[in-house]
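Quick note on our numbering: the sequence shown kicks off at 439 and runs consecutively.
Comments concern the structure below.
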Amino acid sequence: MSRAESLLLRLPMEVEGLFVDWLRVHFPARAEKVLSLIRQCRGGRLDDPRFGARFTGLGPVSGLLRQRFELAAGRLDLMSRDASWALDSGRFRAPGPASAQRSLFDQDV
């Protein structure tokens with residue numbers, strides 16, 4: 439079964455400058471419009487790191503994007519949920535102290 443999800447573009451500090459430069463080089467006529475729309479979804483910023491807002495955004499532009507996505511995905515039958523998409527939070531284990539954690543490089547492969 440196919441499924442679609444959406445998330446709003448995030449531009450954290452590490453990639454913000456790269457994206458803005460790329461956008462202005464490759465789409466100069468649209469760059470300010472795109473950046474303005476992102477800022478409208480992010481409370482005036484290009485990134486909103488707050489939990490609950492960082493992947494969905496806030497405000498009317500964000501709501502319109504979500505509505506358009508849901509309509510298109512619904513038309514293509516990409517919105518159904520089945521058991522394979524259920525999250526199993528029982529497998530979550532809180533990390534211990536940093537000194538007790540092993541990096542991926544420390545593990546035997």
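Even glycine gets a Cβ: it sits at the ideal position worked out from N, Cα and C.
Nothing here was measured: the structure is a model prediction, and the numbers come from that model.
Taking contact to mean 3 or more Cβ pairs, one atom from each stretch, closer than 8 Å, check whether the segment 443 to 455 and the segment 492 to 508 are in contact.
yes
Less than 8 Å between the CB atoms is what I'm expecting for Leu516 and Arg441, so what's the real figure, rounded?
For the purposes of this step, residue 516 is taken as residue 78 along the sequence shown, with counting starting at 1. For the purposes of this step, residue 441 is taken as residue 3 along the sequence shown, with counting starting at 1. Cβ atoms of Leu516 and Arg441 come within 8 Å of each other, at about 6 Å.
Using 10 angstroms around the beta-carbon of Leu484, count the other beta-carbons present and answer buried if the total reaches 16, otherwise exposed.
The residue you call residue 484 lines up with position 46 of the sequence shown. So Leu484 counts as buried.
Whole angstroms is fine: what's the gap from Arg529's alpha carbon to Ala469's?
As a working note, residue 529 is residue 91 in the sequence shown. As a working note, residue 469 is residue 31 in the sequence shown. Taking the straight line from one Cα to the other gives about 43 Å.
For the alpha helix (DSSP H) holding Arg504, just list the boundary residues, first then last.
Numbered from its first residue, the sequence shown carries residue 504 at position 66. 498 to 513 is the span of the alpha helix (DSSP H), which, as asked, contains Arg504.
Per-residue DSSP class, three states only, for Met517:
Residue 517 sits at position 79 when you count from the first residue of the sequence shown. Met517 falls in the coil class under three-state DSSP.
If you count every other CB in all the chains shown that lies within 10 Å of the CB of Asp486, and 16 or more means buried, which is it?
Within the sequence shown, residue 486 is the residue found at index 48, counting from 1. Burial call: buried.
Distance, Gln505 Cα to Arg513 Cα
Against the sequence shown, residue 513 aligns to sequence position 75. Against the sequence shown, residue 505 aligns to sequence position 67. Looking at the two C-alpha atoms, the distance is approximately 12 Å.
Where does Arg488 land, buried or exposed, given buried means 16+ other C-beta within 10 angstroms?
Here the question's residue 488 lines up with position 50 in the sequence shown. Exposed, because fewer than 16 other Cβ atoms sit within 10 Å of the Cβ of Arg488.
Report the CB separation of Leu496 from Gly481 in whole angstroms; it is logged as a contact under 8 Å.
In the sequence shown, counting from the first residue as 1, residue 496 sits at position 58. In the sequence shown, counting from the first residue as 1, residue 481 sits at position 43. That pair is a contact at about 7 Å.
Look at the alpha carbon of Leu461 and the alpha carbon of Gly455, and state the distance between them as a whole number of angstroms.
As a working mapping, residue 461 is identified with position 23 in the sequence shown. As a working mapping, residue 455 is identified with position 17 in the sequence shown. Each residue's alpha carbon lies about 10 Å from the other.
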